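According to the working numbering, the sequence shown is numbered sequentially starting from 930.
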Amino acid sequence: MGYDKVTAFLITFGSMLIGIMGATFGGIDSTLSMLNLTYTSQIFFKLGLFVVSFIVFILFTLKLANKKSKEEKFEDKFLGTETSKKKPVALWIAFAIVFVLFILGCTNWNESFGIEVFNNFHEWLMSISIKDFSIFSNLLGNSTIALGTWSYFQMSIVLIVAALIIAAIYKVKAFDAIADGVKVIIKPALLVVFSYSILILIVNSGTFITLMSYVLTPLKKLNVLSAMLSLIINIFGSFLHIEIPYVANFYLPYLAGTFTESYAPAILNVMTQASYGLTMFIAPTSLFLLLGLTYLEIPYCEWLKKIWKLVVALLLVVIILIIIMLLVL
930 MGYDKVTAFL
940 ITFGSMLIGI
950 MGATFGGIDS
960 TLSMLNLTYT
970 SQIFFKLGLF
980 VVSFIVFILF
990 TLKLANKKSK
1000 EEKFEDKFLG
1010 TETSKKKPVA
1020 LWIAFAIVFV
1030 LFILGCTNWN
1040 ESFGIEVFNN
1050 FHEWLMSISI
1060 KDFSIFSNLL
1070 GNSTIALGTW
1080 SYFQMSIVLI
1090 VAALIIAAIY
1100 KVKAFDAIAD
1110 GVKVIIKPAL
1120 LVVFSYSILI
1130 LIVNSGTFIT
1140 LMSYVLTPLK
1150 KLNVLSAMLS
1160 LIINIFGSFL
1170 HIEIPYVANF
1180 YLPYLAGTFT
1190 ESYAPAILNV
1200 MTQASYGLTM
1210 FIAPTSLFLL
1220 LGLTYLEIPY
1230 CEWLKKIWKL
1240 VVALLLVVII
1250 LIIIMLLVL
């Protein structure tokens, strides 16, 4: 379409990070659980953060997209060769089913909206038996969980099954295609392994917690100054802990334990997800960057050079929101 690779990265991987910054009912279970909050806690502040961040993101992306590059060429290494003349109806149906399953599986219906139908259905399904033989429990395994409580494991299984079905319909040699894909993804995969190695070192050494305690010790009240220090801690913490569940489990409890104000958990909740999503735009340990930049063959320094204005703008949005929350709460 004539757009440069940075624009392509923004509208794919970048849009997911904006979604994380303003997440409402998905992907934030760990922080909510750690801070003893519900999905509706500060929901309007989260929606406000999402709307403003999304507008800033769209305006920046549109401005960048207007600078089209006709000289830049990109070869999609994941793009295979045509093996079938069949219309892609089955492909679209498969994508639609997977999409619906992901929405149903990854939205915590019970805790978010009080909808228990999926939990009840799962209990009923697992209880079906013939002469003391549990049919679905034995066929699917006792580790099968209800829709609304899915994780990466369940999503991966769905994707694998869908891929094999699509391959059979369009007569694609599935395992040959998988082997070709592994060859392409091996470099990003090794970078992801390296990134998790940093996480393991940080968690096991306790270095970050120790340094954080020195910064937090003098703080006694959650005000603008301590909130900004907490934001900086969250940015560095996100950089080193890679995924938000690790952020929530390994250093957020120490951060939350510093402040005794009743409104502190609410502010830390919004701050944590916002700073995590923002940090992943620039952190070299970011799984989004490692996969996206490697796939699109964008040099890290070139990415930073083109994206820093957006990051600064989003940081200002987060800072202003935190100050507003301090004033309101």
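Backbone N, C-alpha and C fix where the C-beta goes; we use that ideal spot for every residue, glycine too.
Everything numeric in this text was worked out from a predicted model, so none of it was measured.
Query: Using the three-state DSSP reduction, which class does F1062 fall into: helix, strand or coil?; Result: strand
Query: At which residue ranges does the region 1184 to 1252 contain complete alpha helix (DSSP H) runs of 4 or more residues, listed in the order of the chain?; Result: 1193 to 1208 and 1216 to 1225
Query: Look at the alpha carbon of K1149 and the alpha carbon of V1241, and state the distance between them as a whole number of angstroms.; Result: 29 Å
Query: Quick check: what's the CA-CA separation for V1087 versus I1032?; Result: 13 Å
Query: According to DSSP, simplified to helix, strand and coil, what is W1038?; Result: helix
Query: Would M950 be called buried (16 or more neighbouring beta carbons within 10 Å of its own) or exposed?; Result: buried
Query: Taking only three categories from DSSP, how would you classify E1052?; Result: helix
Query: Tell me, to the nearest whole angstrom, how far the beta carbon of S959 is from that of A1177; I am working on the premise that it is less than 8 Å.; Result: 4 Å
Query: Given this structure, state the Cα-to-Cα distance separating F989 from M1254, to the nearest angstrom.; Result: 26 Å
Query: Measure the C-alpha to C-alpha separation of V1090 and V1027 and round it to an integer number of angstroms.; Result: 10 Å
Query: Going by DSSP in three states, S970 sits in which element: helix, strand or coil?; Result: coil
Query: Compare the Cα-Cα distances from L1197 to each of N1067, A1156 and I984 and report the closest residue.; Result: A1156
Query: Quick one: what's got a C-beta closer than 7 Å to N1039's C-beta in the same chain, skipping five residues either side?; Result: E1045, N1048 and G1077
Query: Enumerate in chain order the residues of its own chain whose CB-to-CB distance from I1098 is below 7 Å, with the five nearest sequence positions on each side excluded.; Result: A1019
Query: Secondary structure at G1070, three-state DSSP: helix, strand or coil?; Result: coil
Query: Identify which residue in L978, G977, F979 and F954 has its Cα closest to the Cα of T967.; Result: F954
Query: Entirely within the region 1116 to 1189 and at least 4 residues each: give me those alpha helix (DSSP H) ranges in chain order.; Result: 1136 to 1145, 1153 to 1170, 1173 to 1179 and 1181 to 1185
Query: Based on Cα-Cα distance, which residue from L961, A994 and Y1175 lies nearest to M930?; Result: A994
Query: Pull up the distance between the alpha-carbon of L1233 and that of G1043, whole angstroms please.; Result: 43 Å
Query: Taking contact to mean 3 or more Cβ pairs, one atom from each stretch, closer than 8 Å, check whether the region 1159 to 1172 and the region 1197 to 1217 are in contact.; Result: yes
Query: Within the continuous alpha helix (DSSP H) that includes W958, where are the two ends?; Result: Checking the displayed sequence, the identity of residue 958 turns out to be Asp instead of Trp. From DSSP, the alpha helix (DSSP H) with D958 extends over D958 to L964.
Query: Cα separation between I987 and Y1205?; Result: 20 Å
Query: What runs of the alpha helix (DSSP H), each 4 residues or longer, lie entirely inside the region 1069 to 1109?; Result: 1081 to 1098
Query: State buried or exposed for F1188, treating a residue as buried only when at least 16 other CB atoms are found within 10 Å of its CB.; Result: buried
Query: Suppose you measure from the CA of I1162 to the CA of I972; what does that come to, to the nearest Å?; Result: 23 Å
Query: Among L1154, S1191 and F1165, whose alpha-carbon lies nearest the alpha-carbon of I1252?; Result: L1154
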